[in-house]
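Trainee:
Protein chains in written order, with my numbering: chain C, 1 to 121; chain W, 1001 to 1226.
Okay, structure coming up:
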């Protein structure tokens, strides 16, 4: 059903959930959830993870119910998925450069490699 | 045969579509294609924010502490309320309620949208100006990580400004819808303009749902935050 009529009580339930999650994310921001180190240079900040997870849940509630995507045809869902997939490509490829800088050593001039080959030259 | 189909359909159905469902789906699809471009439009700004936050983490945390979480959270709640009233305006049209019901919900949506902008401009941005936190125009902060904090505020004003611009455009769309509703254009057969404008309004709400944690919340509000 594409022209599905969502009952008003569902809208109110989604609305109350969104308000609750807004309060929750605000409260959680003031509690230290700690950090976990990955390697020597990066850490996972669990407060950031919590804030973003709650934001994604809120977004899903808005998209599925307020924007009626739960009742949308496959073609519309495909366009939405494509939009987010392209965003994911942009973020993943940019961060694969930004965050991976310094993972490998500084490139050395070729001349420094010469002693290795010296006996054969 | 073609003539028969043409004469049989309801006035709300334009002739290039077979059914009302198909017409409705085509309208939503078109709006979503536009919103996909909006995802990339805002996505570029979010992407830059992520990269510069990673490069100047301490400064961005410092900058975030100058923002008032109360205003940010209040504005999030205001926008969520406006999304509800928008959804109820569409619901009122779908279920064949009177035009005054549709106009009331559209009016409430505009009122809440205006309240959001009022809190943003009159309280937050004005406060930022008096505190000297406006890069390029009036930036007087010279504490730790001053250049990075200035960069944070460049992002803050650009992101919230771009979002506010979308809100202003949204208010214009809502005003147009109100006039259309007043002229009795919408009924349970025809409410496509309400539906696609609703998609836009909810999208702008989603952008704020991400701006709120990214600008106000993340970065050590506990302990050292003020």
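For each residue, glycine too, the CB sits at the ideal point set by N, CA and C. Given the structure is predicted, the values throughout are model-derived calculations rather than measurements.
#1: Helix, strand or coil for residue 1224(W)? Go by DSSP, reduced to three states.
#2: Can you say whether residue 1058(W) is buried or exposed, counting buried as having 16 or more other CB atoms within 10 angstroms of its CB?
#3: To the nearest angstrom, how far is the alpha carbon of residue 1187(W) from that of residue 51(C)?
#4: Within a Cβ cutoff of 8 Å, which residues of the same chain sit near residue 1109(W), ignoring the five residues on either side of it in sequence?
#5: Measure the C-alpha to C-alpha separation of residue 1067(W) and residue 1053(W) and round it to an integer number of angstroms.
#6: Taking the alpha carbon of residue 1152(W) as the point to measure from, which residue in 1060(W), 1019(W) and 1027(W) has its own alpha carbon closest?
#7: Taking DSSP as the reference, what is the three-state secondary structure of residue 37(C)?
#8: Tell me which residues of the segment 72 to 101 of chain C have at least one Cβ-Cβ distance to chain W shorter than 8 Å, keeping chain order.
#9: At what residues does the alpha helix (DSSP H) containing residue 1166(W) begin and finish?
#10: Quick one, which residues of the segment 22 to 37 of chain C are near chain W if we go by CB-CB under 9 Å, in chain order?
#11: Secondary structure at residue 42(C), three-state DSSP: helix, strand or coil?
#12: Alpha helix (DSSP H) containing residue 1028(W): first to last residue?
#13: Measure the alpha-carbon distance for residue 44(C) versus residue 35(C) and round it to whole angstroms.
#14: Per DSSP, which residues does residue 1139(W) bridge with? Please list them.
#15: So for residue 1014(W), helix, strand or coil by DSSP?
#16: Let me make sure I understand the geometry here. Which of 105(C), 106(C) and 73(C) has the alpha-carbon closest to that of residue 1032(W)?
#17: Taking the C-alpha atoms as reference points, what is the distance between residue 1154(W) and residue 1127(W)?
#18: Considering only the alpha carbon of each residue, which of 1010(W), 1150(W), 1203(W) and 1159(W) lies closest to residue 1261(W)?
#19: Identify the contact partners of residue 1033(W) in chain C, using a Cβ-Cβ distance below 8 Å as the criterion.
#20: For the segment 7 to 27 of chain C against the segment 63 to 70 of chain C, do three or more pairs of beta-carbon atoms, one drawn from each stretch, fall closer than 8 Å, so that the two count as touching?
#21: Give the C-beta separation of residue 6(C) and residue 1029(W) to the nearest angstrom, bearing in mind that I take them to be a contact with Cβ-Cβ under 8 Å.
#22: Please report the distance separating the alpha-carbon of residue 59(C) from that of residue 1166(W).
#23: So, helix, strand or coil for residue 1066(W), using DSSP?
#24: In terms of alpha-carbon separation, which member of 33(C), 38(C), 103(C) and 61(C) lies closest to residue 49(C)?
#25: For residue 54(C), which of 1040(W), 1212(W) and 1162(W) has the nearest alpha-carbon?
#26: Using Cβ-Cβ distances below 8 Å, what residues of the segment 40 to 52 of chain C are close to chain W?
#27: What three-state label does DSSP hand residue 1086(W) in the structure shown?
#28: Indicate whether at least one CB of chain W lies closer than 8 Å to the CB of residue 66(C).
#29: Could you tell me how far apart the beta carbons of residue 1055(W) and residue 1116(W) are, in whole angstroms, since I believe they sit closer than 8 Å?
#30: Comparing alpha-carbon positions, which option in 1148(W), 1091(W) and 1071(W) lies nearest residue 1125(W)?
#31: Looking only at its chain, what residues have a beta carbon closer than 6 Å to the beta carbon of residue 1096(W), apart from the 5 residues adjacent to it on each side?
#32: Smallest Cα separation from residue 1039(W): which of 114(C), 77(C) and 83(C)?
Mentor: Here's the rundown:
#1: Low confidence applies to residue 1224(W): its pLDDT is 48, below 50, so where it sits in the model is not reliable enough to give any reading.
#2: exposed
#3: 40 Å
#4: 1082, 1085, 1086, 1089, 1174 and 1201
#5: 16 Å
#6: 1060(W)
#7: strand
#8: 72, 73, 75, 76, 79, 80, 82, 83, 84, 86, 87, 90, 91, 94, 95, 98 and 99
#9: 1146 to 1182
#10: 22, 23, 25, 26, 28, 29, 30, 31, 32 and 33
#11: strand
#12: 1020 to 1055
#13: 5 Å
#14: 1133(W)
#15: coil
#16: 73(C)
#17: 16 Å
#18: Lying outside 1001 to 1226, the shown extent of chain W, residue 1261(W) is not represented and no answer is given.
#19: 79
#20: yes
#21: With a Cβ gap of about 19 Å, residue 6(C) and residue 1029(W) do not count as contacting.
#22: 18 Å
#23: coil
#24: 33(C)
#25: 1212(W)
#26: 45, 47, 48, 51 and 52
#27: helix
#28: yes
#29: That pair is no contact at about 31 Å.
#30: 1071(W)
#31: 1188
#32: 83(C)
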